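In what follows, a single structure is set out as structure tokens and then discussed.
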Amino acid sequence: MTALLTIIVLVFILVAIWQMVKIFDLAQAKVENSQVANDSDNKMNGYLMMGFLAFIYIITIVCFVKYGNLPLLSNSASQHGPQIDNLMIISLTLIFVVQTITQFLLHYFAFKYKGEKGKKALFFADNNKLEFIWTIIPVIVLAGLIIYGLSTWINITSVDESEDPLVVELYAQQFNWKARYAGEDNTLGKANVRLIDIDRANILGLDEADPNAQDDIITTELHLPVGKPVLFKMRSQDVLHSAYMPHFRAQMNCVPGMITQFGFTPTVTTSEMRQRPEITEKVQNINNIRVEKSKALIEKGEAALDRYEFDYLLLCNKICGKSHYNMQMKIIVETQEEYNAWIKEQKVFKNSLIN
Amino acid sequence: MSAHEDTHAHDDHGHHHKETFVTKYIFSQDHKMIAKQYLITGTIMGVIGVLMSMMFRMQLAWPEEPNVLFEALLGKWAPNGVMDADIYLALVTIHGTIMVFFVLTAGLSGTFSNLLIPLQIGARDMASGFLNMISYWLFFLSSVIMVISLFVEAGPAAAGWTIYPPLSALPMAQGGSGLGMTLWLVSMAIFIASSLMGSLNYIVTVINLRTKGMSMTRLPLTIWTFFITAVIGVISFPVLLSAALLLIMDRSFGTSFFLSDIFIQGEVLHYQGGSPVLFEHLFWFLGHPEVYIVILPAMGLVSEIMASNSRKPIFGYRAMIASILAIAFLSTIVWGHHMFVSGMNPFLGSVFTFTTLLIAIPSAVKAFNWITTLWKGNLQMNPAMLFSIGFVSTFITGGLTGIILGDSALDINVHDTYFVVAHFHLVMGISALYGMFAGIYHWYPKMFGRMLNKNLGYIHFWVTAVCAYGVFFPMHFIGMAGLPRRYYTNTNFPLFDDLANVNVIITIFALIGGVVQIVYLYNFFSSIFYGKKAEQNPWKSNTLEWTTPVEHIHGNWPGEIPHVYRWSYDYSKPGHDQDFVPQNIPLMEGEEELQH
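As structure tokens, this is what we get:
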């Protein structure tokens with residue numbers, strides 16, 4: 001019943017707006033004879049163009065001032081992070097300059113050359129020199145960006161096996177993440193979803209006969225030692241997922257039927273990051289918001305929100321179904337000693353099986 | 001190419017037989033009527049698509065709060081008025097599909113290619129009127145199927161408009177991947193057939209039916225863009241059709257083109273050896289050119305409208321054509337930039353970065369040429385002109401961030417975040433929509449013989465323009481803060497709590513922007529009946545369509561088809577009394593045609 005009433009109300013509102021527009025329309029029936037722009041239309045819209053230019057500039061400034069302290073442009077926590085951030089800042093600066101100039105020209109010309117009766121436009125159809133200039137400038141700028149971008153890309157994607165990276169598998173399923181450490185031998189055991197045996201708690205489908213698999217360690221939290229290169233091998237058991245670790249400037253899809261990889265070196269431990277002034281400020285701000293929200297919740301008789309504490313996160317960033325929006329895993333970067341202590345506490349694969 | 005039209009086409013259409021209601025308004029083979037049919041169907045689909053976006057924007061601003069509108073419109077999908085997570089994904093999916101294909105491909109290209117190609121090249125009709133009619137009715141059928149799919153029991157397709165398998169292939173992965181996805185695929189297959197028929201028709205018509213004197217270098221840029229768009233469509237749409245067919249095989253006949261090694265809901269599926277990455281390649285081989293299928297016609301419309309309303313020739317006509325060709329060529333070799341983090345070989349990523357960033361060059365040339373077209377013009381600020389200027393503005397704003405997304409190293413971190421959403425909505429969503437609005441305001445007199453109310457047009461433009469920036473500009477920043485797209489709610493990540501108020505602002509702009517379209521709809525539909533009667537050439541344009549009578553006749557020109565003696569951009573040419581010289585006016589004695 002409420003549904004029906006809502007629809008009726010909605011229809012009435014639409015009709016009301018429609019009628020208001022109609023009144024506006026009929027009100028000018030006598031005033032206006034021609035529907036082609038006249039001088040006063042040109043003038044009004046010319047000024048509005050300048051107003052709109054101001055609006056674009058204002059919204060740009062407001063966004064940069066209010067939201068410009070972007071987590072993805074600062075406080076990266078991996079070795080390659082600053083390279084990406086630099087490239088991003090250069091690109092953004094370039095975009096900002098080009099945007100400011102071209103929008104100015106566009107809207108200013110629209111204002112400056114607004115039509116007047118009897119005025120004649122300049123017959124100016126072609127100019128090879130101008131065309132050449134604005135072909136060659138983008139060519140040069142883009143050549144620079146391409147070279148810089150590609151060298152960064154190659155740097156990030158080439159995995160140096162000689163550095164003896166820590167090999168970790170990220171395993172995705174609807175709607176959670178698992179991590180598998182390669183154990184003492186630093187070699188992941190063979191695995192395939194066909195070998196999954198839920199009754200024996202072989203949830204990732206490891207090959208029980210493979211000697212490399214015996215010391216593998218499966219966890220639900222990702223711990224990484226600081227300063228040590230990590231090579232992630234991604235796997236998915238059902239649909240596409242994407243392992244997105246924004247603080248480390250890292251992302252790779254998890255594709256059923258194949259193993260993908262991404263490597264980086266974490267450089268800042270979780271506790272160090274929590275102490276950075278920008279992060280504490282951000283966390284403080286978020287907690288203020290949460291306290292405000294909690295007040296409303298408590299009034300409704302619901303539980304208050306927990307206090308937020310900064311943590312690195314692994315998010316799923318490829319649509320994977322109903323609970324896609326809540327597929328996450330905590331990442332903890334710690335010192336080598338802390339990491340060693342943690343990993344020692346975890347069960348190795350051969351001991352985790354249920355017989 | 002001219003003689004036969006004058007005689008035989010004239011005989012065919014000139015003395016037309018009595019038309020019934022059915023042959024005139026429903027199964028019409030007249031390109032002008034088909035154009036209107038495309039426009040109205042596209043408009044209806046557009047209303048559905050925009051309503052959907054308003055609904056999921058409300059969910060994003062006020063997550064999981066009971067909303068009486070959801071209860072009314074979504075029924076069982078909003079128990080107690082709280083939107084369900086599955087229907088959120090379905091709304092996002094269908095919004096994308098409808099806007100990209102049904103509104104901005106069929107609604108834009110279908111309307112204006114049909115309306116303008118025969119009129120601007122001087123032809124009596126399309127090469128095949130019958131094929132044209134079939135093309136429209138297949139489009140209509142696919143629209144109906146898409147709308148029907150909204151009402152199936154387990155929900156409509158919800159795997160994102162890119163329908164990546166395995167999510168889209170396995171009903172147990174998602175409710176929407178059952179009957180909803182089957183209908184989606186069937187609808188799209190029919191849509192592609194429709195689009196191919198249309199495209200082939202456009203290509204043949206432009207090549208063969210130009211009137212005497214209408215050389216390729218005298219064609220208005222509208223025709224150039226429609227022509228090249230049709231070529232891109234013919235090259236890329238069949239690939240999507242094959243992807244859809246293979247996906248249907250995987251779904252219904254147990255093949256393994258895109259699936260391998262899947263364990264879901266406690267059981268291992270038999271699929272082996274396929275790869276979802278293959279689907280991504282096939283999808284984006286269409287998907288990327290599709291962006292240009294959407295934006296090129298808008299560019300053509302804007303070029304024509306800008307020249308006409310600036311009372312100046314379009315600046316750099318040859319460079320404009322060259323950049324259309326360059327964009328068309330490059331558009332087919334950049335698809336991999338959607339797949340930098342798909343698991344594709346990083347070397348391939350380098351290649352695609354290179355080709356992608358190259359596209360910025362012809363795009364920049366076009367933008368500069370439009371701006372120069374305004375310089376020292378005598379700008380007539382008709383609503384169509386405003387939308388054209390708005391087009392250039394959003395095209396620049398949206399296009400520039402493409403430099404970031406096309407750069408593989410940078411894409412790692414903003415891939416699939418709201419940064420992408422902001423980018424493509426500005427550069428191909430809003431821009432193409434502006435192009436379409438510009439076209440409608442400009443050619444409405446040609447379509448319906450009446451004028452739209454210009455003041456309503458001004459209100460429509462300015463409110464829409466402010467809202468478009470209000471929605472999509474801040475969206476870049478929540479993307480750069482790392483917020484992934486296609487999240488039903490962000491409340492599970494305290495990390496993003498400080499972005500919640502941005503989402504509210506965006507939603508408010510979106511709602512205003514959506515509601516103000518009523519002004520346009522009112523203007524559009526009421527002017528059909530009550531608008532001021534149009535003159536033959538209200539905007540004082542040069543192109544041939546304005547030499548046809550206001551009342552539509554089958555065959556377009558009552559007598560002989562006019563011959564063409566000049567390009568379409570002789571505005572404010574020195575030596576002429578008026579500031580425009582239609583294409584069918586012979587050169588004056590001693591007058592030189594511009595070497596272009």
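Each protein sequence line maps, in turn, to chains R and L.
At position 179 of the first sequence the residue is numbered 179 (this note's numbering), and the sequence of numbers has no breaks.
At position 579 of the second sequence the residue is numbered 579 (this note's numbering), and the sequence of numbers has no breaks.
All residues carry an ideal CB built from backbone N, CA and C; glycine is no exception.
Small disclaimer: the values here were computed from a predicted structure and weren't measured.
| Where do the N-terminal and C-terminal ends of the beta strand (DSSP E) with Gln-261 of chain R fall, by residue? | Gln-261 of chain R -> beta strand (DSSP E) spans 260 to 264.
| field | Coarse secondary structure for Arg-276 of chain R, derived from DSSP in three states | value | Of the three classes helix, strand and coil, the one that applies to Arg-276 of chain R here is coil, per DSSP.
| request: Under 8 Å by Cβ, that's how I've got Met-475 of chain L and Ser-527 of chain L pegged, so tell me the actual separation to the nearest angstrom. | output: Contact between Met-475 of chain L and Ser-527 of chain L is absent: CB atoms are separated by about 34 Å, not below the 8 Å threshold.
| query | Interface residues of chain L around Leu-145 of chain R at Cβ under 8 Å? | reply | Within 8 Å Cβ-Cβ: Leu-357, Ile-403, Asp-407.
| request: Take the Cβ of Met-329 of chain R as the centre, count every other Cβ of all protein chains shown within 10 Å, and call the residue buried at 16 or more, exposed below. | output: Buried, since its Cβ has 16 or more Cβ neighbours within 10 Å.
| request: Please name the residue or residues paired with Thr-417 of chain L in a DSSP beta bridge. | output: Answer is L:Pro-484.
| For Gln-346 of chain R, which residues of its own chain have a beta-carbon under 7 Å away from its beta-carbon, when the five flanking residues on both sides are left out? | Cβ within range, chain order: Ile-217, Thr-219.
| With 9 Å set as the bound, which would you pick, yes or no: does the beta-carbon of Ala-173 of chain L sit closer than that to a beta-carbon of chain R? | Output row for Ala-173 of chain L: interface = yes.
| request: Answer yes or no: does any C-beta atom of chain R fall closer than 9 Å to that of Leu-511 of chain L? | output: No - not a single Cβ of chain R is within 9 Å of the one on Leu-511 of chain L.
| query | So, is Tyr-327 of chain L buried or exposed, given that buried needs 16 or more other C-beta atoms within 10 angstroms? | reply | Contrary to the premise, residue 327 of chain L reads as Ile rather than Tyr in this sequence. By the 10 Å Cβ count, Ile-327 of chain L comes out buried.
| field | Euclidean distance between Cα positions of Thr-222 of chain L and Ile-228 of chain L | value | In this structure, the straight-line span from the alpha carbon of Thr-222 of chain L to that of Ile-228 of chain L is close to 10 Å.
| Residues in its own chain within less than 6 Å of Val-463 of chain L by CB, not counting five upstream and five downstream? | Taking Val-463 of chain L as the centre and dropping the five residues before and after it, the same chain places the C-beta of Val-516 closer than 6 Å to its C-beta, in chain order.
| task | Residues of the segment 151 to 169 of chain L with a CB closer than 7 Å to any CB of chain R: list them in chain order, please. | result | Per Cβ criterion, the list reads Ala-159, Gly-160, Tyr-164, Pro-166, Leu-167.
| request: Might you give, ordered along the chain, the residues of its own chain that have their beta carbon closer than 7 Å to the beta carbon of Phe-237 of chain L, omitting 5 neighbours on each side? | output: Excluding positions up to five away in sequence, the list reads Ile-192, Ser-195, Leu-196, Leu-286.
| Would you say Asn-311 of chain L reaches chain R, if we count a Cβ-Cβ gap shorter than 9 Å as a contact? | What sits at residue 311 of chain L in the sequence shown is Arg, not Asn. By the rule that beta-carbons nearer than 9 Å mark a contact, Arg-311 of chain L touches chain R.
| task | Run the CB neighbour count on Val-11 of chain R, radius 10 Å, all protein chains shown included, and call it buried at 16 or more, exposed below. | result | Val-11 of chain R comes out exposed.
| message | According to DSSP, is Ile-553 of chain L part of a helix, a strand, or is it coil? | response | Three-state result, Ile-553 of chain L: coil.
| task | List in chain order: all unbroken alpha helix (DSSP H) runs of 4+ residues lying wholly within the segment 231 to 273 of chain L. | result | Listed in chain order, there is nothing to give.
| Cutoff 7 Å; reference Gly-307 of chain L; Cβ partners in own chain excluding five residues on either side | Note on identity: in this sequence residue 307 of chain L is Ala, with Gly being the wrong assignment. Cβ neighbours of Ala-307 of chain L beyond the five flanking positions: Pro-313, Ile-314, Thr-373, Tyr-569, Tyr-571.
| field | His-288 of chain L - containing alpha helix (DSSP H), residue span | value | Under the DSSP assignment, His-288 of chain L falls in the alpha helix (DSSP H) whose first and last residues are 276 to 310.
| task | Compare the C-beta of Gln-346 of chain R with all C-beta atoms of chain L and state if any pair is closer than 9 Å. | result | It does not: the Cβ of Gln-346 of chain R has no partner Cβ on chain L nearer than 9 Å.
| field | Three-way DSSP call (helix, strand, coil) for Met-88 of chain R in this model | value | DSSP places Met-88 of chain R in helix when its eight states are reduced to three.
| request: Could you round the C-beta distance between Phe-52 of chain R and Ala-319 of chain L to whole angstroms and report it? I think they count as a contact, below 8 Å. | output: Contact doesn't hold; Cβ gap of about 27 Å is too wide.
| query | Less than 9 Å separating the beta-carbons of Leu-511 of chain L and Met-54 of chain L? | reply | Yes; because the gap between Cβ atoms is below 9 Å, this pair is in contact.
| task | Kindly indicate if chain R contains any beta-carbon less than 9 Å away from that of Gln-120 of chain L. | result | By this cut-off, Gln-120 of chain L is not an interface position.
| said: I want to verify the contact list: residues of chain L whose CB lies under 7 Å from the CB of Trp-342 of chain R, in sequence order. | reply: Under the 7 Å cutoff, chain L gives no residues; its nearest Cβ is about 23 Å from Trp-342 of chain R.
| field | Tyr-171 of chain R: contacting residues in chain L (beta-carbon distance under 7 Å) | value | In chain order: nothing, as chain L lies at least about 11 Å away.
| Is the Cβ of Asp-215 of chain R closer than 9 Å to any Cβ of chain L? | Answer no: the Cβ-Cβ gap between Asp-215 of chain R and chain L never drops below 9 Å.
| request: Quick one: using the 10 Å Cβ neighbour count with 16 as the cut-off for buried, is Met-216 of chain L buried or exposed? | output: With fewer than 16 other beta carbons inside 10 angstroms of its own, Met-216 of chain L counts as exposed.
| query | CB Gly-457 of chain L to CB Leu-386 of chain L, shorter than 9 Å? | reply | Yes, they are a contact pair.
| query | Three-state secondary structure (DSSP) at Leu-119 of chain L? | reply | Reduced to three states, the DSSP call for Leu-119 of chain L is helix.
| query | Where does Gln-583 of chain L land, buried or exposed, given buried means 16+ other C-beta within 10 angstroms? | reply | Gln-583 of chain L is buried by the Cβ-count criterion.
| message | Extract the residue ranges of the alpha helix (DSSP H) inside the segment 18 to 64 of chain L, only unbroken runs of 4 or more that lie entirely within it. | response | If we require 4 residues or more, the alpha helix (DSSP H) runs fully inside the segment 18 to 64 of chain L come out as 31 to 61.
| request: Run down chain L in chain order and give the residues with a C-beta less than 7 Å from the C-beta of Phe-52 of chain R. | output: Taking a Cβ-Cβ cut-off of 7 Å, the neighbours of Phe-52 of chain R in chain L comprise Ala-465, given in sequence order.
| request: Could you tell me which residues DSSP pairs with Leu-314 of chain R in its beta bridges? | output: In the DSSP assignment, the residues bridged to Leu-314 of chain R are R:Met-329.
| In this structure, what does DSSP give as the bridge partners for Phe-232 of chain R? | R:Val-168, R:Phe-262.
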